[in-house]
Amino acid sequence: MKKAFWIIPVVFVALAIALWRYYSPGGAPTVVVYVSHDQVFSEPILKDFEKETGIQVRAVYDTEETKSAGAMNRLIAEKRNPQADVYWANEPIRAEVLRQQGIAAPYISPNGAGIPETFRDPNGYWTGFAARARVLIAHRGTSPKPTSMLSYTDPQWRGKTVIANPLFGTTTTQIAALFVLSGDERGRAFMQGLRDNAVKMSPSNGDSADLVARGEFAFSLVDSDDVVNRMKQHQPVEMIYPDQGANEIGCFVVPNAVVLIAGSPHPSAGEKLIDYLLTKETERRLAFSDAAQIPLHPDVAMPPYLQPIASIKVMKVNYMEIASKLQTILPFLKNWAGF
Amino acid sequence: MEKRLTLVTAAALLAVIGLLPVLAMVTSSFYISGSFSLKAYQTLLASSQQYALLLGRGVLLSLLTSALATIVGVPLGVLIGKTDLPWRGAFAVLFTLPLLIPPYLIAVAWGTVVGKGGWISQAWPSATSDLLSAAFFGLPGCTGVLFTAFMPIVMLLTITYVGAVNPRWEEAGRLVSRWPNVLRRITLPLIAPAILFAAILVFLLAFGEVGVPTYLRYPVYPVEILTQFAAFYDFGAATAAAIPMLVITLAILTLEYRLLHNSILELKPVVPGAARSQIALGSWRFLLFGIVLGWALLTVLLPLAVLLIQSASPSAYGEALLRASDSIVRSLAFAVIGATALTLLGFCCGYLVHSRAPPLWRSVDALALFLFTLPGTVIGIGLISLWNTPMTNAVYGSPAILILGYLAQYTVLPMRITSATLERVPRSLEHAARLCGASWFMSLWYIVAPLAKRGLIAAWLISYVFCLRDLGISIVVYPPGSDTLPVRILTLMANGAPSLIAALCVILIVVTLLPLGVVSLWLRHGARQS
Chain A
12 MKKAFWIIPV VFVALAIALW RYYSPGGAPT VVVYVSHDQV FSEPILKDFE
62 KETGIQVRAV YDTEETKSAG AMNRLIAEKR NPQADVYWAN EPIRAEVLRQ
112 QGIAAPYISP NGAGIPETFR DPNGYWTGFA ARARVLIAHR GTSPKPTSML
162 SYTDPQWRGK TVIANPLFGT TTTQIAALFV LSGDERGRAF MQGLRDNAVK
212 MSPSNGDSAD LVARGEFAFS LVDSDDVVNR MKQHQPVEMI YPDQGANEIG
262 CFVVPNAVVL IAGSPHPSAG EKLIDYLLTK ETERRLAFSD AAQIPLHPDV
312 AMPPYLQPIA SIKVMKVNYM EIASKLQTIL PFLKNWAGF
Chain B
404 MEKRLTLVTA AALLAVIGLL PVLAMVTSSF YISGSFSLKA YQTLLASSQQ
454 YALLLGRGVL LSLLTSALAT IVGVPLGVLI GKTDLPWRGA FAVLFTLPLL
504 IPPYLIAVAW GTVVGKGGWI SQAWPSATSD LLSAAFFGLP GCTGVLFTAF
554 MPIVMLLTIT YVGAVNPRWE EAGRLVSRWP NVLRRITLPL IAPAILFAAI
604 LVFLLAFGEV GVPTYLRYPV YPVEILTQFA AFYDFGAATA AAIPMLVITL
654 AILTLEYRLL HNSILELKPV VPGAARSQIA LGSWRFLLFG IVLGWALLTV
704 LLPLAVLLIQ SASPSAYGEA LLRASDSIVR SLAFAVIGAT ALTLLGFCCG
754 YLVHSRAPPL WRSVDALALF LFTLPGTVIG IGLISLWNTP MTNAVYGSPA
804 ILILGYLAQY TVLPMRITSA TLERVPRSLE HAARLCGASW FMSLWYIVAP
854 LAKRGLIAAW LISYVFCLRD LGISIVVYPP GSDTLPVRIL TLMANGAPSL
904 IAALCVILIV VTLLPLGVVS LWLRHGARQS
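Going down the list, the protein sequences come from chains A and B.
Under my numbering, the letters of the first sequence match residues 12 to 350, in that order.
Under my numbering, the letters of the second sequence match residues 404 to 933, in that order.
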């Protein structure tokens with residue numbers, strides 16, 4: 012009994028010392044990155060950065076459960092003593108919120124030169140890359156196929172459609188974009204139309220995609236990588252780029268965005284990471300990965316199931332305006348979602 | 404003197420580690436941009452009708468979960484802990500397994516079985532499977548999943564206490580009646596305080612659960628707190644939104660205190676190596692075995708089978724180890740350190756509660772239980788507010804912050820187990836040691852700890868399980884590059900292959916069971932030697 016009890020503090024102390032040594036700052040350069048892009052896609056990119064540059068990457072990833080906002084919340088909570096050097100956002104609105112809160116620092120990377128101005132902050136507070144499109148995922152058995160975001164309000168689909176919680180993620184952003192483009196009145200009318208047409212609400216884009224793949228619903232508005240993922244799993248779904256007609260509003264495109272954090276502990280390592288993420292090679296890899304992200308640099312190779320950005324009719328919006336609109340419509344969306 | 408100093412220090416530690424972050428959060432909810440403001444609370448009051456509906460839903464879900472867990476968990480605990488049911492050891496482990504998995508994953512596994520396009524819909528008529536699917540995504544499904552996840556708490560506490568009842572009472576009852584009546588009129592009433600505590604624990608855990616109701620589309624109040632964090636980035640509003648939950652929690656704790664205030668468990672003194680009294684089931688043995696086996700197949704083995712089948716490929720486990728081996732090692736290390744620290748702090752606090760010597764024992768007990776019921780996110784953000792400063796970066800930037808989180812949230816578990824275990828250690832032994840000149844520490848080391856060994860091991864194991872499966876705190880404060888396995892599973896769930904996620908869940912179960920297996924073998928070895 013006495014011998015056994017001695018083992019416990021010995022093991023405890025040994026573990027504590029091992030962990031303390033592991034976490035003590037050593038000689039290797041380090042960069043801390045908070046990532047809202049799915050870990051399964053972003054981690055390989057960061058690991059390759061580590062191998063190529065010798066800079067150790069320490070990452071914090073987001074989850075669907077925290078609605079891809081866990082990393083954002085940490086950044087905001089840590090504002091007075093930043094731990095992160097870089098934030099890899101999965102949409103520019105979050106980057107814009109960080110700029111508004113004084114958490115972002117300006118940095119214009121030379122590798123961002125080929126990226127269209129629409130997808131960059133003019134003062135360098137964030138730079139977009141590797142985008143996804145907001146598309147319709149439709150079950151293969153659905154007929155006729157929907158062609159527009161407004162199909163949600165078509166009575167023929169009453170009770171047969173699902174949308175991710177409009178309080179979180181890219182769904183919120185797209186609805187804010189609709190409000191910016193069409194005005195508040197039409198935006199509210201659209202949301203009321205969803206309610207009148209008994210559109211169901213799911214926790215996330217991934218859940219929406221799964222529900223459509225299982226045949227529980229006819230279609231949903233999700234991100235293009237959600238659809239590609241299910242197609243690669245041979246699930247019975249199709250991807251439709253909505254609103255591509257001549258008089259239609261176009262498809263909403265959501266680029267990733269990379270942000271340098273103000274007052275970060277390793278700013279030069281952070282800049283190197285940003286430079287790496289904005290290369291054509293990174294975009295090519297993200298295009299061919301299951302992330303299926305659309306490159307924003309011209310002349311980047313991509314797989315056949317993705318459409319080049321130049322061939323998609325893109326919704327013409329300003330992300331700064333969307334970020335501001337989002338703050339004003341959130342109480343309305345909260346009410347709509349039943350909270 | 405040393406006893407009082409140690410116990411008061413332990414209480415102070417709990418207050419600093421647990422209460423200060425919460426106070427920091429509550430204080431910050433009264434300030435916007437540095438100025439005092441009641442806006443967060445005004446907004447809360449303005450939406451009171453909506454919130455009342457969500458609160459009502461949450462209370463209903465928690466009541467149903469707690470009631471079901473008690474109705475099933477108590478008889479199961481009695482069968483496993485007190486009778487000669489065949490395979491009772493295996494059943495105890497089997498029914499405990501859902502407690503080791505984050506409830507969200509149990510919901511996902513059940514969705515694969517009963518959801519549209521799931522296993523059942525392929526075997527049953529579509530009308531039936533549609534009905535089942537519709538019921539699953541709502542209150543019935545939430546209740547079922549949370550009941551599966553939390554029933555083990557009631558079962559385990561019943562097993563622990565039913566075997567520890569002073570046999571004099573049962574033997575006296577057996578002289579005039581049969582076992583069912585003895586159980587109904589003597590044993591269960593004697594352990595009613597423990598059962599009530601278990602039911603309350605289940606209620607509070609279900610009340611604070613977010614993942615399952617969100618996935619199953621049954622909006623409840625904690626989702627509001629998540630919304631304020633994740634959609635509005637408004638920590639003050641999130642904290643204000645947490646206040647009604649805290650009020651309900653305090654009400655439940657007050658009820659628990661009033662009901663259990665004068666209850667004393669009639670437990671038998673510890674006799675090392677003594678066998679537990681057992682009820683012979685006789686002709687009922689195989690029927691009850693069949694019922695328990697059927698229940699295990701339906702509620703535990705079926706969702707676990709989903710995980711195993713989904714992960715059934717060597718490449719899935721290979722990829723899981725490639726993607727998460729570092730998280731697995733870290734989870735083990737953090738859980739071992741966390742469990743050890745919790746057992747030490749829990750022991751001191753439990754001793755304080757048991758001895759009731761310093762008048763602050765009630766406050767310590769209430770504080771520990773209160774911290775347990777707080778959403779992990781609130782504690783996590785509180786820890787960031789308190790510890791993320793240049794001066795304390797050595798703590799905040801290291802796994803120490805996780806350990807502090809575990810101590811804040813889970814101290815009540817080892818504390819209550821210690822307190823109950825110490826009820827079985829005659830105080831006269833301690834007093835005798837003190838009279839012989841032994842210090843308080845010596846009497847603890849040579850007398851109390853050996854007699855309370857099983858309870859301390861149970862406290863360590865339960866602390867280990869909760870530290871290992873923790874998500875709420877870990878996800879908010881883990882040091883960059885140092886995620887734990889449950890966090891890694893959740894982050895990889897976004898577009899990770901189902902086989903990979905299933906493999907990681909199986910690995911999580913194995914890692915959780917590892918020390919349980921080691922301790923079980925060690926105890927058996929010790930029993931054989933003695």
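Ideal Cβ placement from N, Cα and C applies to all residues, glycine included.
Around the Cβ of Met558/B, a 10 Å sphere holds 16 or more other Cβ atoms; the residue is buried. The beta-carbon of Met242/A is placed no less than 9 angstroms from the nearest beta-carbon of chain B. As for any alpha helix (DSSP H) of minimum length 4 sitting wholly inside the segment 479 to 537 of chain B, the runs are 491 to 503, 506 to 517, 522 to 526, ordered along the chain. For the segment 899 to 918 of chain B, the residues whose beta carbon sits under 7 angstroms from a beta carbon of chain A are, in order, Gly899. Beyond the five residues adjoining it in sequence on each side, Thr499/B comes within less than 7 angstroms, by CB distance, of Pro555, Leu559 in the same chain, given in chain order. In this structure, DSSP gives Ser213/A an extended state, which the three-state scheme calls strand.
Against chain A, a Cβ distance below 8 angstroms from Arg620/B picks out Lys211, Met212, Ser213, Pro214. Neighbourhood of Phe638/B in chain A, by CB distance below 9 angstroms: Asn84, Ile87, Ala88, in chain order.
Scanning its chain for C-beta atoms nearer than 6 angstroms, with the 5 sequence neighbours on each side dropped, one finds around Lys211/A the residues Val173, in chain order. Look at Leu289/A here: in three-state DSSP terms it is coil, with no helix or strand label. Nearest in C-alpha terms to Ala414/B, of all of Ile892/B, Arg765/B, Ala835/B, Gly858/B, is Arg765/B. Annotation for Ile731/B: Leu888, Ile910, Val914 place their beta carbon closer than 7 angstroms to its own, counting only its chain and skipping 5 residues before and after.
Under the Cβ criterion (8 angstroms, minimum of three pairs), the segment 454 to 468 of chain B does not count as touching the segment 533 to 541 of chain B. Across the segment 803 to 814 of chain B, no CB contact with chain A closer than 8 angstroms is found for any residue.
Residues of the segment 734 to 750 of chain B that bring their beta carbon within less than 7 angstroms of a beta carbon in chain A comprise Ala736, Val739, Ile740, Thr743, in sequence order. For the pair Gly125/A and Lys291/A, the CB atoms are nearer than the 9 angstroms cut-off. Contact between the segment 114 to 121 of chain A and the segment 129 to 140 of chain A is present, with at least three C-beta pairs closer than 8 angstroms.
Closest in C-alpha terms to Thr446/B, from the list Leu854/B, Gly484/B, Ala640/B, Val548/B, comes Ala640/B. Listed along chain A is no residue with a C-beta nearer than 9 angstroms to that of Thr409/B; the closest approach is about 16 angstroms. Chain B places a beta carbon closer than 9 angstroms to that of Asn92/A, counting this residue as a contact. When beta bridges are read from the DSSP output, Met250/A appears opposite Ile148/A.
Look at the segment 876 to 887 of chain B: the residues with a C-beta under 9 angstroms from a C-beta of chain A are Ile878, Val879, Val880, Tyr881, Pro882, Pro883, Gly884, Ser885, Asp886. Taking all protein chains in view, the Cβ of Tyr660/B is surrounded by fewer than 16 other Cβ atoms within 10 Å, so the residue is classified as exposed.
Distances from the CA of Val146/A to each of Glu128/A, Asp234/A, Glu259/A were compared; the closest alpha carbon is that of Asp234/A.
For Thr894/B, the nearest beta carbon of chain A is closer than 9 angstroms to its own beta carbon. Here DSSP, grouped into helix, strand and coil, assigns Arg661/B to helix. Its chain contains Trp572, Glu573, Gly576 as the residues whose beta carbon lies nearer than 7 angstroms to that of Ile589/B, once the 5 sequence neighbours on both sides are disregarded; these appear in chain order.
For Val781/B, the closest C-alpha among the options Ala803/B, Gly808/B, Ala797/B, His757/B is that of Gly808/B. Val22/A sits exposed, since fewer than 16 C-beta atoms from the chains shown fall within 10 Å of its C-beta.
By the rule that beta-carbons nearer than 9 angstroms mark a contact, Glu227/A touches chain B.
Distance from the CA atom of Leu816/B to the CA atom of Val265/A, rounded to whole angstroms, is 46 angstroms. The C-beta of Lys406/B has 16 or more other C-beta atoms within 10 Å across all chains shown, which makes the residue buried.
Pairing Arg295/A with Pro306/A gives a Cβ-Cβ distance under 9 angstroms. For Ile787/B, the C-beta contacts it makes with chain A under 8 angstroms involve Arg85, Ala88, Glu89, in order along the chain. Shortest Cα-Cα distance from Pro882/B to any of Ala29/A, Ala257/A, Gln94/A involves Gln94/A. For the pair Ala738/B and Ala906/B, the CB atoms are not nearer than the 9 angstroms cut-off.
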